[in-house]
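Visitor: Got a structure for you, written out below as structure tokens; questions coming shortly.
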Amino acid sequence: IYLALVAGLSMDEVKQTLSLEATDSPLFANIIRLDGSFVAQRGERRWNNYFDQLMAEITDHAEEQVAALRRDMEQTGHASVVLTANGERYHLHSKQLAYTDWFLDIVMPYRSMDAEISKLSRHWLYIAAGGCLVVLVALLFVFGGYFRQIREQMNELDKVREEAVNASRAKSEFLSNMSHDIRTPMNAIVGMTAIAIANMDDKAQMQNCLKKIAMSSKHLLGLINDILDMSKIESGKLTLSMDQLSLREAIDGIVSIIQPQIGEKNHKFDVVIRDIISEEVCCDSVRLTQVLLNLLGNSVKFTPEGGEIRLVLYEEESPKGSAYVQVHLLVEDNGIGMAPEFLDQIFDAFSRADNKRVRKTEGSGLGMAITKYIVDAMEGTIQVQSEQGRGSSFHVILDLEKAQVREEDMVLPSVRVLVVDDDTQLCESAIAALASMGVHADFAFDAKEALKMIAEQYRQQDAYRILILDWKLPGMDGLALTRMIRKDYGDEIPILLSSAYDWGEMEAEAKAAGVTGFLSKPLFRSTLFYGLKPFLTDETKHTEEETEHILEKPEEELAGCKILVAEDNDLNWEIANELLSAFGLELEWAENGQICLDKFCQSQAGYYDAILMDLRMPVMTGYEATEAIRSLEREDAKSIPIIAMTADAFAEDIKRCMDSGMNAHIPKPIDVRDVVRQLKKYIK
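At position 663 of the sequence shown (counting the first as 1) the number is 664 in this note's numbering, and the numbers step up by one without a gap.
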């Protein structure tokens, strides 16, 4: 059994391992015994005893420090003291090596430590300086960005402040103008009323006063509507109600509304359509009508008497895809035009050209701003071109969704038809529409050419089956041409008169001249189809009943119709009763929605032909009454026409009416022609 394992190491290996011979190290290391003798010494041996060497090198209190060092080594096996030798401070650390009586003695001069610490301090100083520089650069960048943002905000604030000042000034000027513009029709209403009262026995004077009161009232209503619309726009509450719309019906309605104004100033008015891809689209019909009436109304106001106004409608493929159609609407006139500097602000609210040419023209200065807002809300564009003394042109472009409707197959017998009109585009559009229905159509631009073509076809024994004549032809108008045709060819050929003017203006004279029927411009494909179809039934025979749809229904059609009127205001009931009774209607009054519901429930099915419903009524509103009627279990509850007749005339009001089950909406103050037109439309 081995009692011990002895291993030997050479002193050179020990020195190399402990780096005792390293010359580049700031440390001094020695291995000594407790008596001070060296086991391994750095460098050449100059002293035989380590403690003697220390005694010789230490300059302050050498004996005390060496004695303390030896005492700590003996008692604890390690010691640590700070010595001063040759004017320099040293740190001495001594540690006994395990399993031996040797001590590893390490001396480190403070100079080396200070150098390392100084180096490390400089390093950290550089890091801190670099960090501060980075932070400073970052702060400068952030401050620069913040400063730029503040400057931009200040510029925006200045811009907003300037706009606010301009808006305030514009509104002040607007209110000043409105004070004048509102007082003008009010003064006319009050003054003409006083004159009418003073001349009760003078029928002509009474009629003149009442006519001017009516005109002033309509103008005042237009001003109020513009102000309310602008208020809705500024508060962000003006909304669109998208629904199915027939462009033909919309244009027909617009033409009928603008006709009286056109007639008062004796303007030449044309409506032209071409390249119609889809007649049924999805759109807010009220707002589209408002846009076109604003544009047409401006043309009427700023076009001198005898001037020309033109409404053009055409369609193109939409960039949104096959489900949409791009609708182009142009309103053109040869009126006074606008200055170039005013074109930049024409769509600004409260703006009007301030010069003597328009100073006497009434208006709020809001129509164009409202028009622009509506077109923008429909995601469309509006462009304007104008030149002083040469007229103006407004071009509205809308991408509208095609309505999902099943159109009737529009096919007519292959007959020959002649279209006479001096508008090239209208002729080309009508010829294309008729050709698509299987009709062979020719066109002539004036009466002389038309007579020549009619005579030629007679000689070829291929006479025209139907003639479509424009009312206002150059040289000889449509009525004079009709008289000549009837004189030469008799009453055999159906002659249809086409015009954008009111049929009532010419009906008696037209029938006396031999006109068979009337086609209202613009000549949509459906207008031509339903207008010609009765005359081509059984190849050319038709009856009076079949042709009624091309003539406006006579007022006698409404005679005897029973109308239930829900109205809580006595004066409104009196007005409605007086105006509508003149058409032969039998009106019955319900003072609120509940009474209206009760009267309908107590009546026999089919007793009432229609209901005119006010909305804001006590006990039960018009909405509630309509919903209650529609929910009744009787055969006429779902089919009876219910027409709103109310002062709530915004798009959201109209949509709510339709959602509650009503068929149509008529705004107050009522236009009796509009009421009659709606009743004719829904009373079967």
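Cβ coordinates follow ideal geometry from the N, Cα and C atoms, glycine included. Quick caveat, the model's predicted, so the values are computed rather than measured.
Assuming D276 contacts E316 (C-beta within less than 8 Å), just tell me the rounded distance between them.
Guide: Sequence index remark: in the sequence shown, residue 276 carries index 275 (1-based). Sequence index remark: in the sequence shown, residue 316 carries index 315 (1-based). That pair is a contact at about 6 Å.
Visitor: Kindly list the residues whose CB is nearer than 8 Å to the CB of M201, restricted to its own chain and excluding five residues on each side of it in sequence; keep chain order.
Guide: In the sequence shown, residue 201 corresponds to position 200, counting from 1. M207.
Visitor: Helix, strand or coil, according to DSSP, for V416 in the structure here?
Guide: Here residue 416 is taken as the residue at index 415 of the sequence shown, counted from 1. Of the three classes helix, strand and coil, the one that applies to V416 here is coil, per DSSP.
Visitor: For the region 491 to 499 against the region 241 to 252, are there 3 or more C-beta pairs whose distance is under 8 Å?
Guide: These segments do not touch.
Visitor: Tell me where the alpha helix (DSSP H) around S437 begins and ends.
Guide: Translated into positions along the sequence shown, residue 437 becomes position 436. 425 to 437 is the extent of the alpha helix (DSSP H) around S437.
Visitor: What is the DSSP secondary structure of Y465, counted as helix, strand or coil?
Guide: Position 464 of the sequence shown, counted from the first residue, corresponds to residue 465. Here Y465 sits in coil by DSSP.
Visitor: Which complete alpha helix (DSSP H) runs does the region 439 to 463 hold, if anything under 4 residues is left out?
Guide: Segments of the alpha helix (DSSP H) lying fully in the region 439 to 463: 448 to 460.
Visitor: I'd like to confirm the pairing. Which residues does DSSP put opposite V328 in its beta bridges?
Guide: Start at 1 with the first residue of the sequence shown, and residue 328 comes out as number 327. Paired residue(s): E316, L399.
Visitor: Give the DSSP bridge partners of D334, in chain order.
Guide: Within the sequence shown, the letter at position 333 stands for residue 334. Note: D334 sits in a beta bridge opposite I310, S393.
Visitor: Given this structure, state the Cα-to-Cα distance separating N573 from A648, to the nearest angstrom.
Guide: Counting from 1 along the sequence shown, the entry for residue 573 is found at position 572. Counting from 1 along the sequence shown, the entry for residue 648 is found at position 647. Cα-Cα distance, rounded: 11 Å.
Visitor: If we count the other Cβ atoms within 10 Å of its Cβ and call it buried at 16 or more, is K212 buried or exposed?
Guide: As a position in the sequence shown, residue 212 is number 211, starting the count at 1. Exposed, since its Cβ has fewer than 16 Cβ neighbours within 10 Å.
Visitor: If you measure between the beta carbons of V332 and F395, is that distance less than 9 Å?
Guide: Looking up residue 332 in the sequence shown gives position 331. Looking up residue 395 in the sequence shown gives position 394. Yes, they are a contact pair.
Visitor: Between the C-alpha atoms of V256 and G532, what's the straight-line distance to the nearest angstrom?
Guide: Position 255 of the sequence shown, counting from 1, holds the residue named residue 256. Position 531 of the sequence shown, counting from 1, holds the residue named residue 532. Those two C-alpha atoms are separated by around 18 Å.
Visitor: By a C-beta neighbour count over all protein chains shown, 10 Å radius and 16 as the cutoff for buried, is F142 buried or exposed?
Guide: Sequence index remark: in the sequence shown, residue 142 carries index 141 (1-based). It is exposed - the Cβ of F142 has fewer than 16 other Cβ atoms within 10 Å.
Visitor: Got a sec? Which residues, its chain only, sit under 7 Å from D569 by beta carbon, not counting five neighbours each side?
Guide: Within the sequence shown, numbered from 1, the residue matching residue 569 stands at position 568. The residues are E592, N593, D615, M618, P619.
Visitor: Just to confirm the assignment, what range does the beta strand (DSSP E) spanning T528 have?
Guide: As a working mapping, residue 528 is identified with position 527 in the sequence shown. Note, T528: premise wrong, no beta strand (DSSP E); alpha helix (DSSP H) at 526 to 537.
Visitor: Which term fits Y465, buried or exposed, when burial requires 16 or more other beta carbons within 10 angstroms of its beta carbon?
Guide: Position 464 of the sequence shown, counting from 1, holds the residue named residue 465. Result: buried.
Visitor: State buried or exposed for N335, treating a residue as buried only when at least 16 other CB atoms are found within 10 Å of its CB.
Guide: On the sequence shown, position 334 is the one that residue 335 refers to. Label assigned to N335: buried.
Visitor: For the beta strand (DSSP E) that contains L246, what are its first and last residues?
Guide: Numbered from its first residue, the sequence shown carries residue 246 at position 245. Segment 244 to 247, the beta strand (DSSP E) holding L246.
Visitor: For the beta strand (DSSP E) containing G518, list its first residue and its last residue.
Guide: By one-based count along the sequence shown, residue 518 stands at place 517. Counting along the chain, the beta strand (DSSP E) containing G518 begins and ends at 518 to 521.
Visitor: Which term fits Q291, buried or exposed, when burial requires 16 or more other beta carbons within 10 angstroms of its beta carbon?
Guide: In the sequence shown, the residue the question calls residue 291 occupies position 290. Looking at its Cβ environment, which holds 16 or more other Cβ atoms inside 10 Å, Q291 is buried.
Visitor: Let me know the secondary structure DSSP gives N578 once reduced to three states.
Guide: What you label residue 578 is simply residue 577 of the sequence shown in a count that begins at 1. Reduced to three states, the DSSP call for N578 is helix.
Visitor: Please indicate yes or no: does the CB of G561 lie closer than 8 Å to some heavy atom of the ligand GDP?
Guide: The model on display carries no ligand, and the ligand GDP is accordingly not part of it.
Visitor: Among the candidates D106, A448, V421, whose CA atom is the shortest distance from the CA of A442?
Guide: Taking the first residue of the sequence shown as position 1, residue 442 is located at position 441. Answer by Cα proximity: V421.
Visitor: Along the chain, where does the beta strand (DSSP E) that runs through M109 open and close?
Guide: Here the question's residue 109 lines up with position 108 in the sequence shown. Where M109 is concerned, the enclosing beta strand (DSSP E) stretches over 103 to 110.
Visitor: S300 lies in the alpha helix (DSSP H); which residues open and close that run?
Guide: The sequence position of residue 300 within the sequence shown is 299, counting from 1. 286 to 302 is the extent of the alpha helix (DSSP H) around S300.
Visitor: Check this for me: beta carbons of R288 and I375, under 9 Å apart or not?
Guide: Locating residue 288 in the sequence shown gives position 287, where the first residue counts as 1. Locating residue 375 in the sequence shown gives position 374, where the first residue counts as 1. Their beta carbons are under 9 Å apart, which means R288 touches I375 by this criterion.
Visitor: Do L427 and L470 have their C-beta atoms closer together than 9 Å?
Guide: Within the sequence shown, numbered from 1, the residue matching residue 427 stands at position 426. Within the sequence shown, numbered from 1, the residue matching residue 470 stands at position 469. Not a contact, by the Cβ cut-off of 9 Å.
Visitor: Considering Cα atoms alone, identify which of A451, Y459, Q461 is closest to A481.
Guide: The sequence position of residue 481 within the sequence shown is 480, counting from 1. Cα-wise, what sits closest to A481 is A451.
Visitor: What number of angstroms, rounded off, separates the C-alpha of V385 from the C-alpha of I258?
Guide: If you number the sequence shown from 1, residue 385 lands on position 384. If you number the sequence shown from 1, residue 258 lands on position 257. Rounded to the nearest angstrom, the two C-alpha atoms are 23 Å apart.
Visitor: Check the C-beta distance from V677 over to F584 and give it rounded, since I have them as a contact under 8 Å.
Guide: By 1-based counting over the sequence shown, the position of residue 677 is 676. By 1-based counting over the sequence shown, the position of residue 584 is 583. Right, the Cβ-Cβ distance comes to about 6 Å (below 8 Å), so this counts as a contact.
Visitor: So, helix, strand or coil for R617, using DSSP?
Guide: Along the sequence shown, read from residue 1 onward, the residue named residue 617 stands at position 616. Three-state DSSP puts R617 in coil, outside helix and strand.
Visitor: Return yes when the Cβ of L435 is within less than 9 Å of the Cβ of L314, no when it is not.
Guide: Here residue 314 is taken as the residue at index 313 of the sequence shown, counted from 1. Here residue 435 is taken as the residue at index 434 of the sequence shown, counted from 1. Contact flag unset, no.
Visitor: Measure the alpha-carbon distance for M74 versus A116 and round it to whole angstroms.
Guide: Position 73 of the sequence shown, counted from the first residue, corresponds to residue 74. Position 115 of the sequence shown, counted from the first residue, corresponds to residue 116. Whole-angstrom Cα-Cα distance: 30 Å.
Visitor: Which first and last residues belong to the beta strand (DSSP E) in which Q595 is found?
Guide: For the purposes of this step, residue 595 is taken as the residue at position 594 of the sequence shown. Looking at the DSSP string, Q595 is not in any beta strand (DSSP E); the run it does join, the alpha helix (DSSP H), is 594 to 603.
Visitor: Does the beta-carbon of T362 have 16 or more other beta-carbons within 10 angstroms, so that it is buried, or is it exposed?
Guide: As a working note, residue 362 is residue 361 in the sequence shown. Here the model assigns T362 a pLDDT of 49, short of 50, so the residue's position is not dependable, and the following value carries that caveat. With fewer than 16 Cβ atoms within 10 Å of its Cβ, T362 is classed as exposed.
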